[in-house]
Amino acid sequence: MALLQNPVKGRYRGVSVEAARKHYDLPDDFFRIWLGPSLAYSAALWQPGDTLEQAQDRKMDYLAEQARIEPGQRVLDVGCGYGTEVKRLLEKEGISEAVGITLSQTGADWLAARKIPGLEVRVENWADHRPVRPYDAIISFEAFEHFARPGMSQRRKIAGYRAFFEQCRSMIAPQGRLVVQTITWGHRFPLERRWLSDLSMAAKNYPECNPAFLSEVVAASDGLFDLVAARNDFADYSRTAAAWVRNLDADWEHSVDLVGLKKTQDFKQTMTAAVRAFASGWFYLHRLTFSPVEQPTKPARHFLVNNVIGRF
Ligand SMILES: C[S@@+](CC[C@H](N)C(=O)[O-])C[C@H]1O[C@@H](n2cnc3c(N)ncnc32)[C@H](O)[C@@H]1O
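If you count the sequence shown from 1, position 242 lands on 242 in our numbering, and the numbers rise without skipping.
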């Protein structure tokens with residue numbers, strides 16, 4: 001399989017290391033307080049009556065099913081955080097090898113110290129990743145929001161996302177699956193000053209982040225991957241953020257000791273805004289499953305389809 005030499009040349013490589021570390025390189029125990037013992041920093045998949053941990057487990061079962069995980073496989077996790085997903089795939093699903101890449105040194109050090117058999121953790125941008133062999137599956141949970149920054153044109157956003165899909169296409173086995181979970185922009189938007197100011201506060205907490213519109217993700221993957229399953233679970237993010245706020249409230253003083261009052265308040269305000277933002281559909285939460293096309297093509301055959309074939 002020919003691996004692409006430099007698919008991102010001239011294109012946006014995502015959030016800077018400095019900005020990512022500003023958000024993620026905080027004490028592990030601070031994240032444990034509000035994310036809970038799974039340390040999963042992404043929306044869970046809820047059923048009525050679930051605890052946060054049960055809902056996080058359900059998300060990971062869904063991911064394993066969508067990625068068609070089987071024992072003995074080799075899996076890449078782009079944006080592995082504290083390794084919640086890869087750890088589970090190794091321990092519960094019996095995959096033999098996992099590579100987790102992240103920009104956060106703190107999370108990577110924590111994960112490497114667990115010495116999980118079969119796991120390689122790398123502090124690396126996906127754009128620089130050069131695997132020795134293709135992967136049977138690639139997963140990426142809530143890293144995609146970091147692949148565009150505020151103020152980018154739609155064209156530039158799509159070009160950057162396309163570099164990601166080209167890179168994934170070059171690293172995946174022909175029968176492999178790519179599973180992406182990402183926050184996307186919803187079709188509603190708040191106009192009240194109070195919510196707008198909360199959202200701008202949230203943007204400061206996540207520097208250089210700008211979610212995609214689903215249409216941008218689809219345009220960027222066109223001709224490289226087929227989108228074979230999609231669901232939009234924005235209410236699940238609202239419920240996850242509400243659980244995070246409850247956890248933070250329950251151990252508030254400990255959090256203040258670890259990161260200070262200002263940061264604890266900023267996280268609470270951001271997550272409280274998220275409860276409302278996702279419940280209201282200002283943001284969506286897409287879980288997308290892609291299958292690589294056999295022969296990659298350029299995107300946008302729309303002219304041909306609409307203006308030539310479509311005329312008959
Ligand atoms: C919100 S966390 C999600 C972590 C994990 N997937 C989970 O669900 O718990 C986003 C992760 O994406 C990583 N990330 C963001 N941009 C990246 C890039 N260009 N290359 C590799 N990792 C990236 C961050 O370092 C962080 O580990």
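We put the CB at the ideal spot given by N, CA and C, even for glycine.
- Note on the stretch 141 to 202: whole alpha helix (DSSP H) runs with a minimum of 4 residues are 154 to 171, in chain order.
- Counted as a single uninterrupted DSSP element, the beta strand (DSSP E) harbouring residue 284 occupies residues 283 to 292.
- CA-to-CA, the gap between residue 26 and residue 287 works out to about 27 Å.
- Contact check between the stretch 134 to 151 and the stretch 171 to 183: three or more CB pairs, one atom from each, fall below 8 Å, which counts as touching.
- For residue 16, the Cβ stays outside the 7 Å cut-off from all heavy atoms of ligand 1.
- Look at the stretch 84 to 152 and you find these whole runs of beta strand (DSSP E), each 3 residues long or longer: 97 to 102, 119 to 123, 135 to 141.
- With a cut-off of 7 Å, the C-beta of residue 46 is classified as distant from ligand 1, since no heavy atom of the ligand falls inside that distance.
- Look at residue 78: its beta carbon is less than 7 Å from one of the heavy atoms in ligand 1.
- For residue 230, the three-state secondary structure derived from DSSP is strand.
- C-alpha of residue 155 to C-alpha of residue 221: approximately 14 Å in a straight line.
- The beta carbon of residue 81 sits closer than 7 Å to at least one heavy atom of ligand 1.
- Where residue 76 is concerned, the enclosing beta strand (DSSP E) starts and stops at 74 to 78.
- Residue 170 has its Cβ no nearer than 7 Å to any heavy atom of ligand 1.
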